[in-house]
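Residue numbering for the sequence shown follows this note's numbering, starting at 8 and increasing by one per position.
Just so you know, even glycine gets a beta-carbon here, dropped at the ideal spot from N, CA and C.
Source: prediction; values computed, not measured.
Comments concern the structure below.
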Amino acid sequence: MAPFSLPPGAPMMAFGAPAAVGVSAFLRGGAAVGRPGALAAVSSPLRAAGRWAAAPRPSVFSSGAARWTAKASEAASGGGGGGGGGGGGAQAQKAPKGTKPKPAKKAPPPPTPKAKKARAPKVESIYKATVNLPVTGFEQRANAVRREPELQALWSAARVYERLSSDGPGAPYVLHDGPPYANGALHMGHALNKVLKDFLNRYQLLRGRRARLVPGWDCHGLPIELKVVQSLSSKERREATPLGLRRKAAAFARETVDAQRAAFQRFGVWADWDTPYLTLTPAYEAAQVGVFGDMFLAGHIYRGRKPVHWSPSSRTALAEAELEYPEGHVSRSCYVGFPAVAASLPPPVVAALGGDAAAVPPVRLSIWTTTPWTMPANRAIGVNVRLRYSAVSGLVATDPTALLLVAEDLVGGVAAKLGIDPAATAVVATWTGADLVGIRYTHPLDAGLGEQCRIVDGGDYITTDSGTGLVHTAPGHGLEDYAVGLREGLDLSSPVDDAGRFTDEAAGGRFTGMPVLGEGNQAVLDALAEAGALLAEEAYPHKYPYDWRSKKPTIFRATDQWFASIDGFRGAVLDAVDTVSWLPAAGEKRIRSMVEGRSDWCISRQRAWGVPIPVFYKVDEAAGTREAVLDADILRHVQGLIGAHGSDVWWEREADELLPPAHRGAGLVKGTDTMDVWFDSGSSWASVTGGTDAAVGGLGTFPADVYLEGSDQHRGWFQSSLLTAVAARGAAPYKTVLTHGFVLDAAGIKMSKSIGNVVDPMRIVNGGNNLKTQPAYGADVLRLWVSSVDYSSDVLIGDGILSQVADVYRKLRNTLRYMVGNVADFDPAADAVPVDELPGLDRFMLHRLAELLTESTAAYDGYAFSRVYTAAQRFAVTELSNFYLDIAKDRLYVAAPTSPRRRSCQTVLAALLDVYTRILAPILPHTAEDLWQNLPYTPAAAPPLTPDAAAAGLPRSSVFEAGWPTAEAAWSALPPPRWRRGSSCAPCGTM
């Protein structure tokens with residue numbers, strides 16, 4: 008069959024045989040191989056027509072879709088200035104310009120209107136139909152700002168996600184969404200997290216699983232309460248009531264949820280957006296109270312007085328997950344010498360110091376602390392009974408006769424810290440720590456304590472790594488100190504109020520009202536110096552806990568709080584850790600060590616905006632007692648009230664209105680503490696995966712298949728969810744835990760508004776104020792960046808990185824466009840060539856396509872999205888653009904439209920479009936859907952069009968309804984070809 012048929016009246020030219028015609032030379036105007044000058048006569052009109060030209064073809068999807076053919080057809084037909092040389096098209100000539108007479112100086116004539124330039128008439132090129140050029144409505148430019156929302160609207164109207172997630176043939180797949188705080192705009196960490204989740208869910212939907220993502224938001228707690236308080240005037244703050252503040256906080260949270268939800272949807276994330284779970288809804292709060300009740304009735308919840316992280320700036324207790332440890336903190340540390348009571352020295356000590364108790368020189372017990380303000384609460388000094396301690400002369404500058412007790416290994420180091428030449432000191436005697444236990448000392452700041460303070464066995468946490476080897480012990484201001492105090496029966500003194508100021512109990516009232524982290528700290532140092540106990544002071548840079556919201560330092564302070572006793576079920580939690588798949592594997596070691604070393608969890612907060620701890624108290628004012636009253640009847644009754652009216656009911660009603668009938672009239676007082684927000688979010692499994700209430704997205708699929716959050720959640724949501732689920736249900740709430748790193752700027756620096764290096768994900772999608780420097784890349788470029796990074800560690804982003812990713816996207820899109828444009832006249836059902844009849848090159852490409860599918864499937868199954876990105880990009884550039892498509896264009900453009908050589912190539916292109924598009928779909932859903940709907944035929948994998956889809960205007964069912972592609976057995980079974988690229992051989996079928 009001849010490759011060309013000339014239009015009537017065309018000048019006669021000699022055409023070479025198909026195998027001898029090179030389309031590249033043809034389009035450049037060069038002669039065909041072996042036919043010098045044969046194509047010279049037609050080169051000019053083809054150059055004028057451009058690379059892309061074809062007869063107009065109606066769009067299969069886009070309304071008024073751009074044509075590759077429009078401008079090319081106009082040029083080929085002589086439009087826009089001429090028909091071109093070889094075509095013989097007429098070309099209008101411009102009329103010569105006339106000469107205007109010089110105007111009179113005083114009376115110039117009116118200006119002559121400019122005549123419009125004559126346009127050359129359009130002349131139809133007689134060669135336009137001789138080349139098969141691509142035709143498609145799939146646009147070269149993504150036009151993402153317009154096109155992506157259109158596609159999202161079509162998905163919504165066709166209910167694609169809803170049908171797939173509920174009617175899919177496979178088993179349910181639940182990725183439980185960790186709730187972000189509803190307190191501000193989204194950042195890149197949110198974008199990374201939600202897009203990764205969407206990769207998982209879209210892939211599972213393609214595999215036929217009924218994948219669901221119920222999005223959630225954390226709506227309670229200090230972060231939101233602070234936002235509301237900051238928005239109030241001074242008068243409004245003074246007049247605010249707890250109930251009024253709660254209502255403002257709820258309104259703020261809901262408004263923020265709406266804004267964040269719209270942004271997530273713009274990223275192309277599929278989820279149950281109409282039925283999210285919010286921690287402020289009555290159904291969710293009731294389920295949370297149920298978890299608390301189950302843990303309380305199982306004996307895991309108790310009320311006690313112990314030191315907790317306390318934020319003076321926020322006036323509430325904090326959990327470990329609510330702390331941060333910024334760089335640059337410097338504490339004022341000090342060395343202090345406590346005077347030992349000579350009469351309390353044990354015989355071994357007295358014997359080593361001369362044997363006469365009355366003649367023993369003064370002994371000082373040295374300690375070092377980074378919190379001088381805790382000195383008024385000192386009740387003991389701890390030693391390690393296994394260490395050796397020395398009495399050293401010459402170390403107390405204010406009393407040359409005094410001996411200072413220091414760990415033997417630290418004598419030289421302490422001398423240096425005190426600014427004393429070690430040569431001027433002498434070790435008088437040495438004992439073990441066990442010999443020193445029981446020695447009493449006087450408190451330099453509080454004479455009222457008498458001689459009750461003493462040396463105790465502190466334990467193995469006391470080492471010689473730093474300090475003096477003797478540890479200042481204030482049971483009200485430290486966990487180790489508290490544990491020692493319980494064992495030794497020490498007073499749990501904590502003379503600090505909610506605002507972080509000293510109370511009257513501190514040193515007999517001498518520091519009352521002073522802030523412990525400021526004026527009070529200095530006052531303590533001054534008092535120690537006045538008493539002759541201050542040996543030295545120095546600045547000490549170290550990690551120190553700060554309130555993650557107020558960014559102010561915290562303190563340890565003993566208060567009455569509600570705790571979850573981890574010791575009661577620690578073993579069960581560690582057993583549950585073994586049942587979970589942790590990715591990366593280091594996550595298991597991390598959470599195991601955290602659970603093993605975790606102290607009891609303080610779950611109460613002194614804030615108004617939260618879920619109330621449903622406890623009542625019997626108060627005896629005369630005795631100063633406050634006894635908690637809580638049982639199963641109260642728990643279930645309050646749970647029912649909250650489920651019906653929301654947690655505001657706790658503030659709206661009096662105690663007797665909240666109590667079940669059997670407890671009314673007893674004068675009980677309701678509590679004012681609320682639950683830790685980590686208990687809020689940590690109970691989400693009870694509503695979503697463990698519950699069935701549709702109001703909060705209940706799925707009834709406990710445990711979830713996957714939890715996917717940032718690596719910091721090992722100490723946050725992963726752990727709180729694990730603790731509550733094991734305590735209440737006896738099992739981990741998840742089967743797999745997947746973590747990602749943080750998003751840093753292009754230089755690897757943490758993003759900060761003060762630095763000015765914050766990258767806004769919405770700016771990436773919609774563009775900035777200057778679209779030239781901040782272009783609108785669209786959601787698919789953002790998603791492609793997510794797929795390109797190794798999210799298991801911290802990832803980088805910046806303008807340069809985005810520009811590179813956008814270039815990759817353009818290459819992928821243009822490759823897809825080239826392929827779909829070249830199957831415009833192809834119908835696989837009628838025109839496909841059987842695999843065993845394909846030339847070697849075409850069979851080889853199907854073999855490589857099968858390998859790509861196998862590699863991509865394994866990568867998706869292993870959550871290795873960067874491997875999918877790399878494989879897809881490599882395939883598009885190396886296998887397609889640089890190899891197969893470069894060779895195939897001769898037969899695609901020049902061969903007769905229905906010739907076997909062209910149909911065989913189109914058969915491969917159709918297979919490539921079918922498989923490659925679906926491989927890219929989880930990552931580039933908008934691009935994949937746009938191309939799928941612009942295919943000139945309906946793929947065999949596409950199910951029948953549903954009424955919803957037809958009503959939405961889709962030509963065919965969504966690409967996501969086509970399922971995950973499979974390779975025909977004949978593709979994978981093909982042996983590798985014996986030829987290599989660049990060699991001349993017949994099997995390729997193109998020469």
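Starting from the C-beta of residue i, find all residues in its chain whose C-beta is less than 7 Å away, skip the five residues before and the five after it, and write them out in chain order.
i    : result
R209 : W277, A928, P929, P932, F967
R820 : A149, T934
G507 : P319, P522, V523, L524, I562
V793 : L199, V202, L203
R253 : A615, W616, D655, W658
K234 : N190, F259
L287 : C226, H227, A257, A260
V840 : P907, R910, S911, T914
L541 : C341, V343, L532, L535
G828 : W75, P141, V142, T143
Between the options, which lies nearest to residue i when the distance is taken from Cα to Cα?
i    : options                : result
V202 : G672, A384, E716       : E716
L835 : S888, S799, T914, D897 : Contrary to the premise, residue 835 reads as Pro rather than Leu in this sequence. When only C-alpha atoms are compared, the closest one is T914.
G755 : G306, T731, V796, D801 : D801
S482 : M382, I649, G440, A266 : First, the amino acid is wrong: residue 482 is Pro here, not Ser. Among M382, I649, G440, A266, the Cα nearest to that of P482 is on M382.
R7   : N829, A837, S795       : Lying outside 8 to 998, the shown extent of the chain, residue 7 is not represented and no answer is given.
L372 : M302, A270, R461       : R461
R855 : E458, V842, S979       : S979
R219 : I231, Y180, K242       : Y180
L665 : D453, D683, I641, G420 : I641
A270 : D719, L778, N773       : N773
L919 : L899, D849, G275       : D849
E458 : N385, R898, E487       : N385
V684 : R736, C609, L648       : C609
R577 : S727, Y284, R556, G445 : S727
Under 6 Å Cβ to Cβ from residue i, same chain only, skipping five residues before and after it: list those, please.
i    : result
Y547 : S338, S340, T377
K559 : S320
Y784 : I771, A813
A47  : Legend: pLDDT at A47 = 32, less than 50; position of this residue unreliable, value from coordinates given subsequently. Within the same chain, A47 has no close Cβ partners at all.
K101 : Because K101 carries a pLDDT of 41, less than 50, the predicted location of this residue cannot be relied on, and no value is offered for it.
E886 : R855
On the DSSP bridge list, what partners appear for residue i?
i    : result
D567 : R312
C460 : Y448
R371 : P346, L411
P907 : Per DSSP, none; premise fails for P907.
I610 : Answer by DSSP bridge pairing: none, since I610 is not bridged.
A162 : Per the sequence presented here, residue 162 reads as Trp, with Ala not at that position. Looking at the DSSP assignment, W162 forms no beta bridge with any residue, so it has no partner.
D752 : I804
P619 : T681
W317 : A324, I562
Give every residue of the same chain whose Cβ lies closer than 8 Å to the Cβ of residue i, excluding the five residues on either side of it in the sequence, and list them in chain order.
i    : result
A543 : C341, Y342, K424, L425, G426
A639 : G300, L304
A178 : R216, R217
D843 : A977
G520 : R508, F509
Quick test of your reading: residue i and residue j, contact by CB under 8 Å. State the CB separation rounded to the nearest angstrom.
i    : j    : result
P972 : L860 : 6 Å
G689 : T731 : 5 Å
L809 : D752 : With a Cβ gap of about 12 Å, L809 and D752 do not count as contacting.
G311 : F686 : Not a contact, Cβ separation roughly 17 Å.
P552 : H316 : 6 Å
P222 : D184 : 5 Å
A165 : T953 : 7 Å
P230 : H652 : About 25 Å separates the two Cβ atoms, so there is no contact after all.
P314 : Y489 : 5 Å
L938 : L823 : 5 Å
Practice task
Specify whether the region 228-244 and the region 255-270 touch according to this definition: at least 3 beta carbon pairs, one from each stretch, less than 8 Å apart.
Solution key: The region 228-244 and the region 255-270 touch, with no fewer than 3 CB-CB distances between them shorter than 8 Å.
Handout entry: the region 412-421 contacting the region 465-481, beta-carbon criterion three pairs below 8 Å
Key = Judged by Cβ distances under 8 Å, the region 412-421 makes contact with the region 465-481, as three or more pairs qualify.
Handout entry: Any 3 or more C-beta pairs closer than 8 Å across the region 842-862 and the region 938-951
Key = Put simply, the region 842-862 does not touch the region 938-951. Fewer than three CB pairs are less than 8 Å apart.
Practice task
Specify whether the region 666-683 and the region 599-615 touch according to this definition: at least 3 beta carbon pairs, one from each stretch, less than 8 Å apart.
Solution key: Pairwise C-beta distances place the region 666-683 in contact with the region 599-615, as three or more of them are shorter than 8 Å.
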